[in-house]
Amino acid sequence: MLTSAMFGTLYRNLLPAYKQAQLLCGFRNAQTTWRSAATFTLQEDCLVLNYGDTPMHFNYVWLRDHCRSASSYNAKTNQRNLDTGSIDLNIRPDNTTVEDGHLVLTWPGGHVSKYSLGWLAENSYERKKQVSVQPRILWNSDIYTKANIASAKWDKFMSCDDEVKKFLQNYLLYGIAFVDGVPATVEATEAVTQRVSLIRETTYGRMWCFTSDFSRGDTAYSQLALDRHTDTSYFQEPCGIQVFHCLKHEGTGGRTLLVDGFYAAEKLRQQSPEKFELLARTPIRHEYIENTDNHRNHMTGVGPLVNVYPWNNEVYMIRYNNYDRSVINTIPHDALQRWYVAHREYTTELRLPENELWVKLTPGKVIFIDNWRVMHGREAFTGLRQLCGCYLTRDDVLSAARCFDLQA
Ligand SMILES: C[N+](C)(C)CCCC[C@H](N)C(=O)O
Ligand SMILES: O=C(O)CCC(=O)C(=O)O
Ligand SMILES: [Fe+2]
Numbered sequence: 001m002l003t004s005a006m007f008g009t010l011y012r013n014l015l016p017a018y019k020q021a022q023l024l025c026g027f028r029n030a031q032t033t034w035r036s037a038a039t040f041t042l043q044e045d046c047l048v049l050n051y052g053d054t055p056m057h058f059n060y061v062w063l064r065d066h067c068r069s070a071s072s073y074n075a076k077t078n079q080r081n082l083d084t085g086s087i088d089l090n091i092r093p094d095n096t097t098v099e100d101g102h103l104v105l106t107w108p109g110g111h112v113s114k115y116s117l118g119w120l121a122e123n124s125y126e127r128k129k130q131v132s133v134q135p136r137i138l139w140n141s142d143i144y145t146k147a148n149i150a151s152a153k154w155d156k157f158m159s160c161d162d163e164v165k166k167f168l169q170n171y172l173l174y175g176i177a178f179v180d181g182v183p184a185t186v187e188a189t190e191a192v193t194q195r196v197s198l199i200r201e202t203t204y205g206r207m208w209c210f211t212s213d214f215s216r217g218d219t220a221y222s223q224l225a226l227d228r229h230t231d232t233s234y235f236q237e238p239c240g241i242q243v244f245h246c247l248k249h250e251g252t253g254g255r256t257l258l259v260d261g262f263y264a265a266e267k268l269r270q271q272s273p274e275k276f277e278l279l280a281r282t283p284i285r286h287e288y289i290e291n292t293d294n295h296r297n298h299m300t301g302v303g304p305l306v307n308v309y310p311w312n313n314e315v316y317m318i319r320y321n322n323y324d325r326s327v328i329n330t331i332p333h334d335a336l337q338r339w340y341v342a343h344r345e346y347t348t349e350l351r352l353p354e355n356e357l358w359v360k361l362t363p364g365k366v367i368f369i370d371n372w373r374v375m376h377g378r379e380a381f382t383g384l385r386q387l388c389g390c391y392l393t394r395d396d397v398l399s400a401a402r403c404f405d406l407q408a
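So the sequence shown is numbered by full-length UniProt numbering: it starts at 1 and just counts up by one.
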């Protein structure tokens, strides 16, 4: 699994001290065995458990709600049986003990709930806010290149689950991953993606194959350069993963640009926390309006440029597409100038040459891009260039990773 070396380097240098502590702690927790001695105190509205480094507060309704006895919880389906709506909101245990590494509560009426101390510690708010949901290695071009990540190989990828697991681990850590040696067809590209996920059908199709023919009302279908961006920012839920496979290019240019949006966001958080906050708190709108002979679409998606989990401030999604950003009318005038200044600082960071990873996609090389994290762009090109690919449903990619016991 993850080693401290993989986890360490960059994240640690990049983050403010309090964040560093969180991340180190998050890593350490993966291996810590919890201290065996536990003490508790019963307070008016919660039970305070001292076990491990930080006191943990457990609300009484929460404790009854999370009872793992057979009548409260079905361990076969991993679903709650208990009707939360029927718990007395003023419930308190009649009796509380710690026995054999378990907290044992007897409720009025006699029902007994038992929780292992490890489970409580693992699931406490205090722990959750300290650890990252998904460990990542943030990168600039140098860091990614030096990491020297091996691409998965088509044959092995199609037949060996371990190869898929390794691939997913790289994907989770870096937000990009490659499979090499794939036959240059739409069918083979589809087969590769189905090793890890379901395909997300959109207005562009299920599997799409496109060239510079202006068949759709979007600049992607031209030979022009495209600045770094996330796709489908105009969806309420932007597509989680983008897959590209260049089936053919007879001409010049057309290299793919990749930039780690999370790396740049952490830089911004470090340099100008208040600007980071503003981008994270201010909703903006993206829009896709298409009105051609064959296609009529009007989509809008609203959300901040940087999305963070509210309990631990971890960045989980970036919406950044200057082409598709629509009229800004969600920001009051006294904040708008500050928003543009914050947007400019983030843009400047994203555009630093050292943050740009350029790759030439060639037939056989399939790239998976975390579209919530890593931005893509392309260099202008000449000649016939044919790209195929698809979007994947994020839930299924992450589910596949978790089923391999990866942290996602
Ligand atoms: C990938 N494919 C060519 C099918 C679609 C391109 C979508 C382009 C759009 N401006 C966006 O950024 O979402
Ligand atoms: O042509 C490319 O390399 C990518 C274009 C693009 O941004 C897209 O299709 O989403
Ligand atoms: Fe794109």
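Think of the CB as a built atom: it goes at the ideal place given N, C-alpha and C, for glycine as much as any other residue.
Exposed unless 16 or more other CB atoms sit within 10 angstroms - verdict on residue i
i	result
V243	buried
residue 409	No answer is possible for residue 409: the residues shown for the chain start at 1 and end at 408.
D155	exposed
I176	buried
F214	exposed
W339	buried
N355	buried
N148	exposed
W358	exposed
D324	buried
R281	exposed
S233	buried
I169	According to the sequence as given, residue 169 is Gln; it is not Ile. Q169 is buried by the Cβ-count criterion.
A75	exposed
Alpha-carbon to alpha-carbon, residue j and residue i
i	j	result
A265	A70	45 Å
D370	T211	22 Å
S399	T300	27 Å
K153	I367	12 Å
R200	W372	15 Å
N312	K128	8 Å
N123	P363	46 Å
Y51	Y115	13 Å
D142	C160	31 Å
L120	V182	46 Å
L384	H249	6 Å
I331	I241	29 Å
S86	T77	21 Å
N90	V98	22 Å
F262	H245	24 Å
H295	R216	7 Å
A335	L63	43 Å
R136	L258	16 Å
residue 427	E314	Residue 427 lies beyond the range of the chain shown here (1 to 408); nothing can be said about it.
T252	T189	24 Å
H229	M375	5 Å
D218	L305	21 Å
V302	Y288	12 Å
Simplified DSSP assignment, three categories, for residue i
i	result
M299	strand
H102	strand
T41	strand
E250	strand
V131	coil
V192	helix
P238	coil
C403	helix
E290	strand
Y73	strand
H66	coil
A408	coil
Y340	helix
L268	helix
G377	strand
V327	coil
H333	helix
K360	coil
W311	coil
K365	coil
residue 454	Since the displayed the chain opens at 1 and closes at 408, residue 454 lies outside it and no answer follows.
G205	strand
residue 411	An answer regarding residue 411 cannot be provided, because it is not within the stretch 1 to 408 covered by the chain.
Q169	helix
A21	Low confidence applies here, because A21 scores a pLDDT of 32, under 50, leaving its location unreliable; read the following figure in that light. Looking at A21 - three-state DSSP - the assignment turns out to be helix.
D396	helix
V164	helix
G110	coil
Integer-rounded CB distance, given that residue j should sit under 8 Å from residue i
i	j	result
K275	A342	4 Å
T193	C390	6 Å
G377	D227	5 Å
V186	M207	5 Å
Near ligand 4: residue i beta-carbon under 7 Å from a heavy atom
i	result
F157	Inclusion of ligand 4 in the displayed structure is not the case, the ligand content consisting of ligand 1, ligand 2 and ligand 3 alone.
Practice task
Would you list the residues whose beta-carbon is nearer than 6 Å to any heavy atom of ligand 2, in the order they occur in the chain?
Solution key: In chain order, the qualifying residues are A220, L226, D231, T256, H376, R378, L387.
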